[in-house]
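Asker: Going by numbering that gives the first Met the number 0, the sequence shown opens with residue 0, and the numbers climb by one from there. Ideal Cβ positions, reconstructed from N, Cα and C, are used throughout, including at glycine. Source: prediction; values computed, not measured.
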Amino acid sequence: MSTPTRPLTFFIIVLCGAWLLALPTWAQEGEGSIERVIVISIDGIRNSDGFGDPNCQGLGDVNNCLLKNLAEYVLPEGTLYTSEPGTKGSAFVNNAATWTTPGHEMLLTGVRAVGPNIGTSLDLRPFRPTIFERLRKELNWSSEEVVAVVSKPNVTQIDYSLDPIHGKDYGATLYFVPSGDWAVEDVGVATWGRCLMRGFLPDNTLEACDPTQVVPLPRFLFLHFGGVDNQGHLDWRFNFYKGAIAQVDEQIFTKIWSELCDKPDADTCADQGQNPHFRRNNTALFVTTDHGRESFTVLKHGGLDWANRAIFLLAAGPGIPRGQVITNVPQGNV
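1) How would you write the range of the beta strand (DSSP E) that GLN212 sits in, first residue to last?
2) Can you name, in chain order, every residue of its own chain whose Cβ lies under 8 angstroms from the Cβ of ASP122, other than the five neighbours on each side?
3) Is VAL73 helix, strand or coil when you go by DSSP?
4) Does the separation of the CB atoms of THR172 and VAL145 fall below 8 angstroms?
5) Using 8 angstroms for Cβ pairs, my map puts GLU132 next to GLY170. What's the rounded Cβ distance?
6) VAL310: buried (16+ other C-beta within 10 angstroms of its C-beta) or exposed?
7) Sort GLY59, THR253, GLY231, ALA95 by Cα distance to SER294 and report the nearest one.
8) On a Cα-Cα basis, can you pick out the residue from ASN94, ALA189, LYS167, SER178 that is closest to THR253?
9) List the residues that DSSP assigns as beta-bridge partners of VAL148.
10) Measuring straight from C-alpha to C-alpha, what distance separates HIS300 and PRO210?
11) Taking C-beta to C-beta, are THR288 and LEU259 nearer than 8 angstroms?
12) Do you know how far the Cα of LEU222 is from the Cα of ILE334?
13) Straight-line CA distance for LEU74 to CYS64?
14) If we count the other Cβ atoms within 10 Å of its Cβ and call it buried at 16 or more, is GLN246 buried or exposed?
15) With DSSP as the reference, label PRO6 as helix, strand or coil.
16) Considering only residues of the same chain and omitting the five flanking positions on each side of ALA70, which have a CB-CB separation below 6 angstroms?
17) On a Cα-Cα basis, can you pick out the residue from THR204, ILE251, GLN212 that is closest to PHE224?
18) Taking the alpha-carbon positions, what's the GLU28 to ARG193 distance?
19) So GLN323 and LEU79 are in contact, right, with Cβ under 8 angstroms, and what is the actual spacing, rounded?
20) Using the rule of at least 16 other Cβ atoms within 10 Å of the residue's Cβ for burial, across every protein chain shown, is TRP235 buried or exposed?
21) Can you give the Cα-Cα distance for LEU312 and LEU216, rounded to whole angstroms?
22) Is GLY166 near the ligand MN, in the sense that its beta carbon is under 7 angstroms from a heavy atom of that ligand?
23) Among ASP228, LEU107, ASP185, GLY114, which one has its Cα closest to the Cα of TYR159?
Dropping the structure here:
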């Protein structure tokens, strides 16, 4: 079945916003067109610990950046939307409730959510349709082609909304990875992502793919990494929080980005990486977050100060400008 790239492009424009359209068209000559999309959410990373750090923006030593691989290898292949370097101010902020559930509902529905979350699977489903439902209804995709892998109970309700003309019949296939020590859930989510991109389910160890469990390739894949936020909430584990950031960076690079681009050289990204189906010239990759954290501690979030609200978006794929860092254009929400 051929891929309807024009409707998919429309949904990507809606997802990422008009700011990314710095070029006349999405499909630049020789770059291919968007056929598949991967959206990654790093839950609860404080701006100053991520792309708000000048070391992560090419203005310092990238070896001191906790998101070293994303900064060194992915950023040169795409566009980063973030704040000016430093610990104050941000051009890119979450304009509403800075908790996990509303943050992800806003990310996936495009509608501002204002309620807090209670941290369990009892959180209310979105009232407006998610991008999962819109893609399935408009493009007639199966549930196996629109997939979400999440690692917190209070994100399990984002697979479909309460919208009466969308809802469960158009929901995504959702897989849940439970949390554990050392943010091990992020290792599991990354393995799920890599295996799904190869057309398999992971084995019971969540370290490798099971070639006997074959599934259709997703066209839209959402990966939620909850380990950074989980470690940040533990009052004696600041080093574990920083370690979780470095770990999720490494997991995204080795298990997701390497499928698209197998050369560890920012200037010579291969058009075809390890995966024949997900490639640099047919896949759009978006890496973002749902909220920040308090400026003076990583223990809490939920406030409306800049540190809680500051977020980022790193995008790479066909038609997306390469090596761009945008810090001076105000933008609310993803």
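Answerer: Result, derived from the coordinates:
1) Here residue 212 refers to the residue found at position 213 of the sequence shown. Here the beta strand (DSSP E) through GLN212 covers 208-213.
2) Working through the sequence shown from its first residue, we reach residue 122 at position 123. Once the five neighbours on either side are set aside, the close Cβ partners of ASP122 are THR100, ASN116, ASN153, GLN156.
3) Residue numbering aside, residue 73 sits at position 74 when the sequence shown is read from its first letter. The answer is helix: DSSP assigns VAL73 an H, G or I state.
4) Within the sequence shown, the letter at position 173 stands for residue 172. Within the sequence shown, the letter at position 146 stands for residue 145. At a Cβ-Cβ threshold of 8 angstroms, THR172 and VAL145 count as neighbours.
5) Here residue 132 is taken as the residue at index 133 of the sequence shown, counted from 1. Here residue 170 is taken as the residue at index 171 of the sequence shown, counted from 1. Between the beta-carbon of GLU132 and that of GLY170 there is about 7 angstroms, and that keeps the pair under the 8 angstroms contact cut.
6) For this step, residue 310 is matched to residue 311 along the sequence shown. The sequence given here has Ile at residue 310, not Val. With 16 or more Cβ atoms within 10 Å of its Cβ, ILE310 is classed as buried.
7) For the purposes of this step, residue 294 is identified with residue 295 of the sequence shown, where counting begins at 1. Of the listed residues, the one whose Cα sits closest to SER294 is GLY231.
8) On the sequence shown, residue 253 is found 254 positions in, with the first residue counted as 1. Of the candidates ASN94, ALA189, LYS167, SER178, the one whose C-alpha sits nearest the C-alpha of THR253 is ALA189.
9) Position 149 of the sequence shown, counted from the start, is the residue given in the question as residue 148. Paired residue(s): TYR174, LEU222.
10) Residue 300 sits at position 301 when you count from the first residue of the sequence shown. Residue 210 sits at position 211 when you count from the first residue of the sequence shown. About 41 angstroms.
11) As a position in the sequence shown, residue 288 is number 289, starting the count at 1. As a position in the sequence shown, residue 259 is number 260, starting the count at 1. Contact: no.
12) Outside the shown range of the chain, which is 0 to 333, sits residue 334, and nothing can be said about it.
13) Against the sequence shown, residue 74 aligns to sequence position 75. Against the sequence shown, residue 64 aligns to sequence position 65. CA-CA distance, LEU74 to CYS64, rounds to 13 angstroms.
14) Within the sequence shown, numbered from 1, the residue matching residue 246 stands at position 247. So GLN246 ends up on the buried side.
15) For this step, residue 6 is matched to residue 7 along the sequence shown. Legend: pLDDT at PRO6 = 49, less than 50; position of this residue unreliable, no value from coordinates given.
16) As a first step, residue 70 must be located in the sequence shown, where it is residue number 71. Closer than 6 angstroms at the Cβ level, and outside the excluded window around ALA70, lie CYS55, VAL61, CYS64.
17) Along the sequence shown, one-based indexing puts residue 224 at 225. Comparing alpha carbon positions, the residue from THR204, ILE251, GLN212 closest to PHE224 is ILE251.
18) On the sequence shown, residue 28 is found 29 positions in, with the first residue counted as 1. On the sequence shown, residue 193 is found 194 positions in, with the first residue counted as 1. Note that GLU28 has pLDDT 45, beneath the 50 cutoff, so the model's placement of it is unreliable and no number is given.
19) Stepping through the sequence shown from its first residue, residue 323 is reached at position 324. Stepping through the sequence shown from its first residue, residue 79 is reached at position 80. With a Cβ gap of about 7 angstroms, GLN323 and LEU79 count as contacting.
20) Within the sequence shown, numbered from 1, the residue matching residue 235 stands at position 236. Burial call: exposed.
21) Residue 312 sits at position 313 when you count from the first residue of the sequence shown. Residue 216 sits at position 217 when you count from the first residue of the sequence shown. Between LEU312 and LEU216, the C-alpha separation is close to 25 angstroms.
22) Questions concerning the ligand MN fall outside what the structure shown contains, since it holds no ligand whatsoever.
23) The sequence position of residue 159 within the sequence shown is 160, counting from 1. In this structure, LEU107 is the residue among ASP228, LEU107, ASP185, GLY114 with its C-alpha nearest to the C-alpha of TYR159.
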